[in-house]
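Top to bottom, those sequences are chains A and B.
Mind the numbering: the first sequence is residues 82 to 259 in the numbering used here, read in order.
Mind the numbering: the second sequence is residues 3 to 239 in the numbering used here, read in order.
Let me begin by presenting the structure, written as structure tokens, before commenting on it.
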Amino acid sequence: MLAGMSVPLTLLGLLEREPSHGYDLKRDYDAFFARGKPLPFGQVYATLGRLARDGKVVISEVAPGEGPERKRYVITDHGATEVATWLTEPLEPEPHLQTVLFTKVVLALMLDRPAATYLDLQRAAHMRRMRELTELRRTGATIDALLADHALFHLEADLRWIDMTATRLDALAREVRS
Amino acid sequence: MNAPDPGTPSRPLVEARDAVLSFGQTPALRGASLTVNAGEIVAVMGPSGSGKSTLLHCLAGILTPDSGEIWFDGQRVDTLGETGRSTLRRDRFGFVFQFGQLVPELTAEENVALPLLLAGTKRAAALKAAREWFERLDLAGLESRRSGELSGGQAQRVALARAVVSRPEVLFADEPTGSLDSFTGEQVMELLIDAARQEGTTVILVTHDPRVAAYAEREVVVRDGKASALAPDPVAS
Numbered sequence: 082m083l084a085g086m087s088v089p090l091t092l093l094g095l096l097e098r099e100p101s102h103g104y105d106l107k108r109d110y111d112a113f114f115a116r117g118k119p120l121p122f123g124q125v126y127a128t129l130g131r132l133a134r135d136g137k138v139v140i141s142e143v144a145p146g147e148g149p150e151r152k153r154y155v156i157t158d159h160g161a162t163e164v165a166t167w168l169t170e171p172l173e174p175e176p177h178l179q180t181v182l183f184t185k186v187v188l189a190l191m192l193d194r195p196a197a198t199y200l201d202l203q204r205a206a207h208m209r210r211m212r213e214l215t216e217l218r219r220t221g222a223t224i225d226a227l228l229a230d231h232a233l234f235h236l237e238a239d240l241r242w243i244d245m246t247a248t249r250l251d252a253l254a255r256e257v258r259s
Numbered sequence: 003m004n005a006p007d008p009g010t011p012s013r014p015l016v017e018a019r020d021a022v023l024s025f026g027q028t029p030a031l032r033g034a035s036l037t038v039n040a041g042e043i044v045a046v047m048g049p050s051g052s053g054k055s056t057l058l059h060c061l062a063g064i065l066t067p068d069s070g071e072i073w074f075d076g077q078r079v080d081t082l083g084e085t086g087r088s089t090l091r092r093d094r095f096g097f098v099f100q101f102g103q104l105v106p107e108l109t110a111e112e113n114v115a116l117p118l119l120l121a122g123t124k125r126a127a128a129l130k131a132a133r134e135w136f137e138r139l140d141l142a143g144l145e146s147r148r149s150g151e152l153s154g155g156q157a158q159r160v161a162l163a164r165a166v167v168s169r170p171e172v173l174f175a176d177e178p179t180g181s182l183d184s185f186t187g188e189q190v191m192e193l194l195i196d197a198a199r200q201e202g203t204t205v206i207l208v209t210h211d212p213r214v215a216a217y218a219e220r221e222v223v224v225r226d227g228k229a230s231a232l233a234p235d236p237v238a239s
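So, in structure tokens, the structure goes:
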């Protein structure tokens, strides 16, 4: 669910709650944020290593015993500041002006192919996904329902674009073929 | 039309065959065909003026097409007289609309009991049956209120209770959340779908809102007075 830079920042955020071992961080990350895509252990420890290198966490203790050593990570002031900054910065609004679907529609019209049919196929695929997400929000926990809502609103926006585009295909065809 | 899921009842219950209807010189349906199986929850979508509400009204026996056929449970509906269609609507169909459905002079529980009273059920029994739905639809405590004393969401849930109190075989819903904010609308839809699934009621839901349509099991799009399924479901085909 969360990709790229948000994994280290999410792990940092979890460490701000309380110092933790890598295993516990992975467990909490998977429980709240992974949504079916668990974080590999390798990525957890590699990320923690980079956060330690950059001074955002420190290792408070190493518990000896059977198996691998268990390091306990503690967030630093520098790390906490980074979490606070990240949380308060709005995400970049993405206008999605160059979507694959847009490209398909324009190309279909250029090639005199049935763009309306392609839009209908996409509409059906969107509706199928919306049905799955609606069932998830009906039957899942609140956290699942919130994530499903987020996806549903985006899909709904896509559908509105699909409907609007369908009504403008003739005009669009004239422009792209001229 | 999408193939039904395995295990879904496949007995055709409601059907329009090449229905044509004009209002004066304005064509509303231009040969609309649709089959809804028993127990299905189907969304009828389409832009404003596409004919989706007209199609629902024909299926429900409220309007009669100029040509074509309407069938319910193996019986022609369009050839029935007004009395026959009225009986069908009262005894076997339920209705939820967007606006102004409750009788303002009656209390909420009297509104819910109305279909039973009209069908000849004794008042005490009708009110008892009505009150059972207040708990189920999160309306407990509102039984004595009149429509002016209810919020939009509460009034729509009362209307839903009235639509299902006589346990209809088909529930026709025309933009049932159209006058509600999205949060309240979602609550009403959840209760509507839960009630339909528990009772095994067939639902034909007209909406322009994809989030509402997503509560259905499949959708049919009406454009220019003709109904068509969206692209075949690759899972089902």
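Beta carbons are placed, not taken as given, at the ideal position from N, Cα and C, and that holds for glycine.
The structure presented is a predicted model; accordingly, all values stated were derived computationally and were not measured.
Kindly list, in the order they appear in chain B, the residues whose Cβ is closer than 7 Å to that of residue i.
i, result
"residue 215/A", "216 and 217"
"residue 212/A", "216"
Alpha carbon to alpha carbon, what distance is there between residue j and residue i?
i, j, result
"residue 107/B", "residue 148/B", "7 Å"
"residue 97/B", "residue 88/B", "13 Å"
"residue 165/B", "residue 176/B", "12 Å"
"residue 218/B", "residue 46/B", "9 Å"
"residue 201/B", "residue 94/A", "47 Å"
"residue 194/A", "residue 25/B", "36 Å"
"residue 230/B", "residue 222/B", "6 Å"
"residue 88/A", "residue 214/A", "24 Å"
"residue 91/A", "residue 228/A", "16 Å"
"residue 171/A", "residue 164/A", "13 Å"
"residue 222/A", "residue 189/B", "16 Å"
"residue 118/A", "residue 225/A", "14 Å"
"residue 257/A", "residue 246/A", "14 Å"
"residue 197/A", "residue 140/A", "59 Å"
"residue 135/A", "residue 138/B", "57 Å"
"residue 241/A", "residue 112/A", "33 Å"
"residue 211/A", "residue 218/A", "10 Å"
"residue 136/B", "residue 187/B", "18 Å"
"residue 234/A", "residue 182/B", "17 Å"
"residue 44/B", "residue 207/B", "6 Å"
"residue 105/B", "residue 95/B", "19 Å"
"residue 125/A", "residue 173/A", "26 Å"
"residue 169/B", "residue 227/B", "31 Å"
"residue 236/A", "residue 107/A", "30 Å"
"residue 15/B", "residue 174/B", "13 Å"
"residue 180/B", "residue 100/B", "6 Å"
So for residue i, helix, strand or coil by DSSP?
i, result
"residue 257/A", "helix"
"residue 204/B", "strand"
"residue 239/A", "helix"
"residue 201/A", "helix"
"residue 127/A", "helix"
"residue 37/B", "strand"
"residue 142/A", "strand"
"residue 155/A", "strand"
"residue 70/B", "strand"
"residue 96/B", "strand"
"residue 145/B", "coil"
"residue 228/B", "strand"
"residue 153/B", "coil"
"residue 78/B", "strand"
"residue 196/B", "helix"
"residue 64/B", "coil"
Please decide whether residue i counts as near chain B, where near means a Cβ-Cβ distance under 9 Å.
i, result
"residue 248/A", "yes"
"residue 159/A", "no"
"residue 194/A", "no"
"residue 207/A", "yes"
"residue 244/A", "yes"
"residue 182/A", "no"
Does residue i have its Cβ less than 9 Å from a Cβ in chain A?
i, result
"residue 213/B", "yes"
"residue 195/B", "yes"
"residue 221/B", "yes"
"residue 49/B", "yes"
Could you work out which residues of chain A lie near residue i, taking near to mean beta carbons separated by less than 7 Å?
i, result
"residue 192/B", "219"
Go through its chain and collect everything with a Cβ distance to residue i's Cβ below 8 Å, but skip five positions before and after it.
i, result
"residue 82/B", "63 and 90"
"residue 84/A", "The predicted model places residue 84/A with a pLDDT of 42, which falls under 50 and marks its position as unreliable, so this point remains unresolved."
"residue 156/A", "93, 96, 97, 100, 137, 138 and 164"
Can you give me the Cβ contacts of residue i inside the same chain, cut-off strictly under 6 Å, excluding the 5 residues immediately before and after it?
i, result
"residue 237/B", "With a pLDDT of 42 at residue 237/B, under the threshold of 50, the modelled position of that residue is not reliable, and no figure is offered here."
In chain B, what lies closer than 8 Å to residue i by C-beta?
i, result
"residue 233/A", "213 and 216"
"residue 237/A", "212 and 213"
Show which residues of chain B have a CB atom less than 9 Å away from the CB atom of residue i.
i, result
"residue 240/A", "212"
"residue 256/A", "Those do not exist, as residue 256/A stays about 23 Å from chain B at its closest Cβ, beyond 9 Å."
Please list, in chain order, all residues of the same chain as residue i whose beta carbon is under 7 Å from its beta carbon, the five residues on each side excluded.
i, result
"residue 67/B", "21, 22, 23, 31, 60 and 80"
"residue 185/A", "199"
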